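So the structure is just underneath, and the comments pick up after that.
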Amino acid sequence: MTDLPLTKNIDMSRAPFDIGQYRQAQGYDAVLQMFKDMAPSDVLEMVKNSGLKGRGGAGFPTGLKWSFVPSGDDAPKTKYLVVNADEMEPGTFKDRLLLEGDPHLLLEGMLIAAYTIQANTAYIFLRGEYLRAEKLLREAIAQAHEQGLLGKNIQGSGFDLEIILHTSAGRYICGEETALLNALEGKRANPRAKPPFPQVSGLWGKPTIVNNVETLCNLPGILRYGVDWYKALGKGGDAGTKLCGVSGRVNNPGCWELALGTPIRELLEDKAGGMCAGYKLRGFLPGGGSTDFLLPEHLDLTLDYDVIGKAGSRLATGTMIVLDDQTCPVGMVGNLMRFFSHESCGWCTPCRDGLPWIDEIFQRLEKGGGRAEDLQILTDHLEYLGPGRTFCALAPGAMAPLGSALRHFREDFDAHIHSGGCPWRK
Amino acid sequence: MTTSTIIASSAPKVQARTLSPEETHEIDHELTLYPDRRAVGLEALKIVQKHQGWVSDESLVAVAEYLGMSAHELDGVATFFNLIFRQPVGRNVMLFCDSVSCYIMGCERIKDHISARLGIDYGETTADGEFTLLPVPCLGDCDRAPVMLMAGEQYRNLTKEKIDALLTRVQQEQTNK
Ligand SMILES: Cc1cc2nc3c(=O)[nH]c(=O)nc-3n(C[C@H](O)[C@H](O)[C@H](O)COP(=O)(O)O)c2cc1C
Ligand code: SF4
Ligand code: FES
Numbered sequence: 011m012t013d014l015p016l017t018k019n020i021d022m023s024r025a026p027f028d029i030g031q032y033r034q035a036q037g038y039d040a041v042l043q044m045f046k047d048m049a050p051s052d053v054l055e056m057v058k059n060s061g062l063k064g065r066g067g068a069g070f071p072t073g074l075k076w077s078f079v080p081s082g083d084d085a086p087k088t089k090y091l092v093v094n095a096d097e098m099e100p101g102t103f104k105d106r107l108l109l110e111g112d113p114h115l116l117l118e119g120m121l122i123a124a125y126t127i128q129a130n131t132a133y134i135f136l137r138g139e140y141l142r143a144e145k146l147l148r149e150a151i152a153q154a155h156e157q158g159l160l161g162k163n164i165q166g167s168g169f170d171l172e173i174i175l176h177t178s179a180g181r182y183i184c185g186e187e188t189a190l191l192n193a194l195e196g197k198r199a200n201p202r203a204k205p206p207f208p209q210v211s212g213l214w215g216k217p218t219i220v221n222n223v224e225t226l227c228n229l230p231g232i233l234r235y236g237v238d239w240y241k242a243l244g245k246g247g248d249a250g251t252k253l254c255g256v257s258g259r260v261n262n263p264g265c266w267e268l269a270l271g272t273p274i275r276e277l278l279e280d281k282a283g284g285m286c287a288g289y290k291l292r293g294f295l296p297g298g299g300s301t302d303f304l305l306p307e308h309l310d311l312t313l314d315y316d317v318i319g320k321a322g323s324r325l326a327t328g329t330m331i332v333l334d335d336q337t338c339p340v341g342m343v344g345n346l347m348r349f350f351s352h353e354s355c356g357w358c359t360p361c362r363d364g365l366p367w368i369d370e371i372f373q374r375l376e377k378g379g380g381r382a383e384d385l386q387i388l389t390d391h392l393e394y395l396g397p398g399r400t401f402c403a404l405a406p407g408a409m410a411p412l413g414s415a416l417r418h419f420r421e422d423f424d425a426h427i428h429s430g431g432c433p434w435r436k
Numbered sequence: 133m134t135t136s137t138i139i140a141s142s143a144p145k146v147q148a149r150t151l152s153p154e155e156t157h158e159i160d161h162e163l164t165l166y167p168d169r170r171a172v173g174l175e176a177l178k179i180v181q182k183h184q185g186w187v188s189d190e191s192l193v194a195v196a197e198y199l200g201m202s203a204h205e206l207d208g209v210a211t212f213f214n215l216i217f218r219q220p221v222g223r224n225v226m227l228f229c230d231s232v233s234c235y236i237m238g239c240e241r242i243k244d245h246i247s248a249r250l251g252i253d254y255g256e257t258t259a260d261g262e263f264t265l266l267p268v269p270c271l272g273d274c275d276r277a278p279v280m281l282m283a284g285e286q287y288r289n290l291t292k293e294k295i296d297a298l299l300t301r302v303q304q305e306q307t308n309k
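These protein sequences, in sequence, are chains A and B.
One gets this note's numbering by counting positions in the first sequence from 1 and adding 10 to each.
One gets this note's numbering by counting positions in the second sequence from 1 and adding 132 to each.
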């Protein structure tokens, strides 16, 4: 047993385990056992009971999502599993650790997921810039084929699976799961209307599950050590462990596997070594660029989906971005707005037109052309681009750091207007 | 970042370039992995770009014809993606992370240093065709910011000194060729 199921094999100072080393460490045992003893419905039940929630940002229960896929004799024969490895959320560097650190863990998780929903083809949608991950995944897939862990009639189970690696070419919106499906089909990656949900009608109209890399990497542990073990890993309301990162002016930035329910303070102070000398903590985005700022007073909250949610933010990707007292909060949020404005796919008007307007206001604030009414315009956008007003969650995600910054760092916005530009640059 | 070259219907018809045997061989392999020819559009563009350095109108039309789709449709895909180049780029494309963690760690100063040293801004190529500078969203190395990806190599914890050493090395390698 282990209490670090995601990272137990990972040591970034050496190459990741090849298939021999991985199997030596009991890798793929869970899958072999599954083929012997478990029907797909048994695996589904187990994943449901484990309490695993999606690690791609939204935190949706994985077992529940899978249960919407049609099964039984009347179900479509062709179904797909798609791995979302398009990691591109600003400040997020966790899936990379798994992809480069233990590629076979992902393949094993994919085998479990594909068997459960009875998909015989799986695509890994990999960010184009992740070149090392691409090379390592290609090698791992080839090794798994050689050892009969992929292909036809895997280990005599009667189950077939092919894994195909698709590398993208840089566009954040491809991480949104329906935009991702359009991209895989060779179209412009605009999101799709839901319903129908991909579970019923996804890739080429077939039932499709899209899961994040980290989500899938949780599965081998759950199958091997069981639901009780998995639940007990979490210290609070959520089950399992989570990759958590810290970037910004801290002594030891990095990414670690922590029990869900660990206090944020432990992540920031023990793991990341606290703030660099001469810098104080002003706030932080707890889970990447689309989350609301939290403040130093929130450090004793625990890393739990509900706890962070109640505090008005989201655990989301679990990679925290630290704002120190010598970085301009307006500049930091302006940087995020520039990103979201560039990456808007242009499909719906509030986002396509609203984000460039916001970006332009931030540029003026920075250079000294800020006007008092600008802050009202920014505030209005929180509503125009809020949840339910746009076609996908990109725009509401962009509003999270903006709205919370306007609440918490209002005096910095005012200072930009009154002192004719960014006071931090003078 | 991406430049859209609209092939207007009034424009003179662009002649397709002949795809090389390597290009068609690699595209054919991709075709075995998807149930639909047009699904291979992006892969095919990436293959062409790998061999040619960028995707010219002639290449675009060739790929579209090969996949049995319209050039307009394929250009819609090509221009959607940040890393498909519809203009020539330098031998070394510097994908410079300008996202939030790198911003906090001072990437703007590093970018200004690169711009000053090479005389190019984002989206531009040096006169000798050696370097193109492009901004790229978060490269997933935020704990080692600032970060840049160039010619398949990720450079981390960037400082002005590291940039100087790197640029000097690449320029020297080029002169020695
Ligand atoms: C704009 C946008 C970008 C996203 N980017 C990613 C991403 O890079 N990786 C990811 O796993 N999920 C991303 N998501 C979330 C996915 O839409 C989806 O919820 C997730 O892949 C589901 O997997 P999970 O249930 O395993 O978390 C993004 C969502 C939005 C709205
Ligand atoms: S919210 Fe933005 S990214 Fe999402 S569909 Fe609309 S324009 Fe595209
Ligand atoms: S913000 Fe630059 S690597 Fe993540």
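Don't be surprised by glycine CBs; every beta carbon is placed ideally from N, CA and C.
Keep in mind the model is a prediction, meaning the values are calculated, not measured.
*Cβ-heavy atom distance, B:A277 to ligand 3, below 8 angstroms*: Position 145 of the second sequence holds residue 277 of chain B. Yes, the beta carbon of B:A277 sits closer than 8 angstroms to at least one heavy atom of ligand 3.
*What residues in the region 224-241 of chain B have a beta carbon less than 8 angstroms from any beta carbon of chain A?*
L227, D230, S231, V232, S233, Y235, I236, M237
*Can you tell me which of the three DSSP states A:M342 falls into?*
Position 332 of the first sequence, counted from the first residue, corresponds to residue 342 of chain A. A:M342: helix per DSSP, three-state reduction.
*Ignore the nearest five residues each way along the sequence and tell me which others in B:V146's own chain have a CB closer than 7 angstroms to its CB.*
If you number the second sequence from 1, residue 146 of chain B lands on position 14. Cβ neighbours of B:V146 beyond the five flanking positions: I139, D189, E190, V193.
*Can you find a C-beta in chain B that's less than 9 angstroms from the C-beta of A:S463?*
No answer is possible for residue 463 of chain A: it lies beyond the span of chain A, which begins at 11 and ends at 436.
*Using the Cα positions of A:E353 and A:L404, report the straight-line distance between them to the nearest angstrom.*
Translated into the one-based positions of the first sequence, residue 353 of chain A becomes position 343. Translated into the one-based positions of the first sequence, residue 404 of chain A becomes position 394. Taking the straight line joining both Cα atoms gives about 9 angstroms.
*Assigned exposure category for A:M44 - 16 Cβ within 10 Å defines buried*: The residue you call residue 44 of chain A lines up with position 34 of the first sequence. So A:M44 counts as buried.
*In the DSSP assignment, what are the bridge partners of B:Q286?*
The count along the second sequence starts at 1 and reaches residue 286 of chain B at position 154. Paired residues: B:L281.
*From A:P433 to A:L190, what does the alpha carbon distance come to, in whole angstroms?*
The residue labelled residue 433 of chain A in the question sits at position 423 within the first sequence. The residue labelled residue 190 of chain A in the question sits at position 180 within the first sequence. Spanning the two alpha carbons is a distance of roughly 41 angstroms.
*asked:* Check whether chain B comes within 9 angstroms of A:C227, counting only Cβ atoms and requiring the distance to be less than that.
replied: Taking the first sequence and counting its residues from 1, the one referred to as residue 227 of chain A is at position 217. No, A:C227 lies away from the interface with chain B (no Cβ there is under 9 angstroms from its Cβ).
*Which residues, in chain order, does the region 279-291 of chain A contribute to contact with chain B at a C-beta distance below 7 angstroms?*
none
*Ends of the alpha helix (DSSP H) at A:K197?*
Mapped onto the first sequence, residue 197 of chain A falls at position 187. Careful: A:K197 lies outside any alpha helix (DSSP H) and carries neither H nor E.
*Do we get a CB-CB distance below 9 angstroms when we pair B:V221 with the residues of chain A?*
Start at 1 with the first residue of the second sequence, and residue 221 of chain B comes out as number 89. Judged by the 9 angstroms Cβ criterion, B:V221 is not in contact with chain A.
_Let's test the definition: count the other Cβ atoms within 10 Å of the Cβ of A:K104 and tell me whether it reaches 16, buried, or not, exposed._
Here residue 104 of chain A refers to the residue found at position 94 when the first sequence is read from its first residue. So A:K104 ends up on the buried side.
*Given A:F8, which residues of its chain have a CB within under 8 angstroms of its CB, disregarding the five upstream and five downstream residues?*
This structure cannot settle anything about residue 8 of chain A, because the visible part of chain A is limited to 11 through 436.
*What do you reckon, is the C-beta of A:N200 under 8 angstroms from a heavy atom of ligand 2?*
Locating residue 200 of chain A in the first sequence gives position 190, counting from the first residue. Flag set: Cβ of A:N200 near ligand 2.
*asked:* Check this for me: beta carbons of A:P50 and A:T126, under 9 angstroms apart or not?
replied: Counting from one through the first sequence, the residue named residue 50 of chain A turns up at place 40. Counting from one through the first sequence, the residue named residue 126 of chain A turns up at place 116. Cβ atoms of A:P50 and A:T126: closer than 9 angstroms.
*Could you spell out the range, first to last residue, of the alpha helix (DSSP H) harbouring A:G73?*
Translated into the one-based positions of the first sequence, residue 73 of chain A becomes position 63. First-last of the alpha helix (DSSP H) with A:G73: 72-77.
_So A:P217 and A:V53 are supposed to be a Cβ contact under 8 angstroms. How far apart are they, rounded?_
Against the first sequence, residue 217 of chain A aligns to sequence position 207. Against the first sequence, residue 53 of chain A aligns to sequence position 43. At roughly 16 angstroms, the Cβ-Cβ gap does not stay under 8 angstroms, so A:P217 and A:V53 are not in contact.
*Are B:R276 and B:N289 closer than 9 angstroms when you measure CB to CB?*
The residue you call residue 276 of chain B lines up with position 144 of the second sequence. The residue you call residue 289 of chain B lines up with position 157 of the second sequence. The answer is yes: Cβ separation under 9 angstroms.
*For the candidate residues A:L375, A:V317, A:N221, A:I174, whose alpha-carbon lies nearest to that of A:G271?*
Against the first sequence, residue 271 of chain A aligns to sequence position 261. Answer by Cα proximity: A:V317.
*Would you check if there are 3 or more beta carbon pairs closer than 8 angstroms linking the region 228-247 of chain B to the region 278-298 of chain B?*
yes
*Can you list, in chain order, the residues of the region 262-274 of chain B whose Cβ is nearer than 9 angstroms to any Cβ on chain A?*
P267, V268, P269, C270, L271, G272, D273, C274
*Which same chain residues, not among the five before or five after A:P86, have their C-beta less than 8 angstroms away from its C-beta?*
Position 76 of the first sequence, counting from 1, holds the residue named residue 86 of chain A. Cβ within range, chain order: P80, K216, P217.
*For A:M11, count neighbouring Cβ atoms within 10 angstroms of its own Cβ and tell me buried if that reaches 16, exposed if not.*
Taking the first sequence and counting its residues from 1, one reaches residue 11 of chain A at position 1. Its Cβ having fewer than 16 others within 10 Å, A:M11 is exposed.
*Should A:R324 be flagged as near chain B, meaning a C-beta pair shorter than 9 angstroms?*
Taking the first residue of the first sequence as 1, we reach residue 324 of chain A at position 314. Closer than 9 angstroms: no.
*What does A:W266 pair with, by DSSP beta-bridge criteria?*
Here residue 266 of chain A refers to the residue found at position 256 of the first sequence. BP columns for A:W266 point to A:C254.
*asked:* ligand 1 and A:D302: does any heavy atom of the ligand fall closer than 8 angstroms to the residue's C-beta?
replied: If you number the first sequence from 1, residue 302 of chain A lands on position 292. Not under cutoff, so the answer is no.
_Distance, B:L271 Cα to A:N261 Cα_ = Here residue 261 of chain A refers to the residue found at position 251 when the first sequence is read from its first residue. Here residue 271 of chain B refers to the residue found at position 139 when the second sequence is read from its first residue. Each residue's alpha carbon lies about 21 angstroms from the other.
_Give me the chain E residues within the contact set of B:V172, using Cβ-Cβ distance strictly less than 7 angstroms, ordered along the chain._
The structure shown contains no chain E; the protein chains it does contain are A and B.
*Using the rule of at least 16 other Cβ atoms within 10 Å of the residue's Cβ for burial, across every protein chain shown, is B:T135 buried or exposed?*
As a first step, residue 135 of chain B must be located in the second sequence, where it is residue number 3. Caution applies to B:T135, whose pLDDT of 46 falls short of 50 and renders its modelled position unreliable; the value that the coordinates give is listed next. Exposed is the call here.
*Taking Cβ-Cβ distances shorter than 8 angstroms, what residues in chain A pair up with B:N214?*
By 1-based counting over the second sequence, the position of residue 214 of chain B is 82. Neighbours of B:N214 on chain A, chain order: A179, G180, R181.
*With a CB to CB cut of under 8 angstroms and the five nearest residues on each side skipped, what residues in its chain are close to A:G284?*
By 1-based counting over the first sequence, the position of residue 284 of chain A is 274. Cβ within range, chain order: V260, N261, L278.
_Beta-carbon gap between A:P15 and A:H114 smaller than 9 angstroms_ = Locating residue 15 of chain A in the first sequence gives position 5, where the first residue counts as 1. Locating residue 114 of chain A in the first sequence gives position 104, where the first residue counts as 1. No, Cβ-Cβ distance for A:P15 and A:H114 is not below 9 angstroms.
_Exposure of A:M22, with buried meaning 16 or more beta-carbon neighbours within 10 Å_ = Indexing the first sequence from 1 puts residue 22 of chain A at position 12. A:M22 should be labelled exposed.
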